[in-house]
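Numbering-wise (the working numbering), the sequence shown opens with residue 6 and increments by one. Where a beta carbon is used, it is the ideal one built from N, C-alpha and C, also for glycine. What follows is a single structure, written as structure tokens, with notes after it.
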Amino acid sequence: MPSFREKWNSPLNQAALWGLPVALVASSVLWIVLGRPSFAVFLTLAVVAWGLAIPSLLVIRKLQK
């Protein structure tokens, strides 16, 4: 059974951790560009951006190896 450290350092966990700040910055910029419509729109943008960032970061990590 893998240790906690091995699970924590899995590519998916690392992509999710790095994808969160990327998603927050991207959604913040989009939210401001759209004229700050509502906080619900900001949260929706953040979730969508995070969902797009995770697979992108996994592909980048795979290409680096």
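Decide if residue i is buried, meaning its Cβ has at least 16 other Cβ atoms within 10 Å, or exposed.
| i | result |
| --- | --- |
| S61 | exposed |
| A28 | buried |
| L50 | buried |
| S32 | buried |
Just the Cα atoms here: how many angstroms apart are residue i and residue j?
| i | j | result |
| --- | --- | --- |
| S3 | L57 | Residue 3 lies beyond the stretch modelled for the chain, which goes from 6 to 70, so this question has no answer here. |
| M6 | L68 | 28 angstroms |
| G24 | S15 | 14 angstroms |
Looking only at its own chain, which residues have a Cβ that is under 6 angstroms from the Cβ of residue i, when we skip the five neighbours before and after it?
| i | result |
| --- | --- |
| E11 | none |
| A54 | A28, A31 and S32 |
| L35 | L50 |
At a Cβ threshold of 9 angstroms, is residue i touching chain C?
| i | result |
| --- | --- |
| V34 | As a matter of chain content, chain C is missing from the structure shown, which is built from one protein chain. |
I need the boundaries of the alpha helix (DSSP H) containing residue i, first residue and last residue.
| i | result |
| --- | --- |
| N18 | P16 to V38 |
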